[in-house]
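All residue numbers for the sequence shown refer to UniProt numbering, where the first residue is 1 and numbers rise by one.
Cβ atoms here follow ideal geometry from the backbone N, Cα and C, with glycine treated the same way.
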Amino acid sequence: MTPEEVFLKLVHGVADRDFAVLPELYAEQTDVRHPMNPYGDHPLLSRDALREHFGGVGPQVAEVVHFQPDNIRVHQTIDPEVIVAEFEYAGTVVATGEPFRVPGIFVLRVRDGLIVESRDYIDHLAMIRARGQVDQLVAHLTEPAGAPAAS
């Protein structure tokens with residue numbers, strides 16, 4: 001698969017809640033980062049780490065919001081392994097029917113049809129608002145440094 005085809009499978013797979021298949025889009029050893037995540041950028045460095053990530057976060061998101069990728073623009077670079085993809089997740093909040101949009105940019109390096117590196121710049125705050133989790137984020141941000149995380 002080309003980098004663009006892999007990207008499209010990724011964003012449509014997230015929207016379609018195909019969480020078991022998503023890790024297979026990544027190489028066994030990879031480097032996925034979310035530099036804009038207000039909870040901190042915790043690198044995902046293996047397919048197993050991504051399996052855990054999608055298995056934990058995915059269902060939590062699916063319970064409260066439904067969305068599809070929209071306004072997709074894929075930019076080729078001089079490196080044939082690397083693309084820059086702009087898009088939005090457009091959806092609705094399940095409980096209220098309220099619409100929302102979450103813009104994002106992914107910078108992907110795809111080798112032999114698998115993601116070996118990704119920088120995912122998502123508007124995490126828009127998704128947190130859509131999921132009704134602003135209070136949890138505020139509590140996290142106001143915890144004293146070194147305090148145990150709330151469960």
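Of the residues Phe100, Asp123 and Val82, the one whose Cα lies closest to the Cα of Leu108 is Val82. Within the UniProt domain "SnoaL-like" (10-117), the runs of alpha helix (DSSP H) that reach at least 4 residues and sit entirely inside it are, in chain order, 47-64. Within the DSSP bridge table, the entry for Ile122 names Gly104 as partners. Inter-residue distance for Arg33 and Arg119 is about 5 Å (C-alpha atoms, whole angstroms). Where Gln136 is concerned, the enclosing alpha helix (DSSP H) starts and stops at Val134 to Thr142. A Cβ-Cβ separation of about 4 Å places Phe67 in contact with Tyr89 under the 8 Å criterion.
Across the set Arg17, Val116 and Val134, the C-alpha of Arg17 shows the shortest separation from the C-alpha of Pro69. In this structure Ala126 is not in contact with Phe87, their Cβ atoms being roughly 13 Å apart against a cut-off of 8 Å.
Within the same chain, Cβ atoms closer than 8 Å to the Cβ of Met1 are found at Lys9, Val110 and Gly113, the five residues on either side in sequence being excluded. For Leu44 and Asn37, the gap between their C-alpha atoms comes out near 13 Å. The beta carbons of Ala130 and Val65 sit closer together than 7 Å. Excluding sequence positions up to five before and after Ser46, its CB lies within less than 8 Å of the CB of Glu28, Gln29 and Thr30, all in the same chain and listed in chain order. Just measuring C-alpha positions, the residue of Val93, Val102 and Phe106 sitting nearest His75 is Phe106.
Its chain contains Gly13 as the residues whose beta carbon lies nearer than 8 Å to that of Val21, once the 5 sequence neighbours on both sides are disregarded; these appear in chain order.
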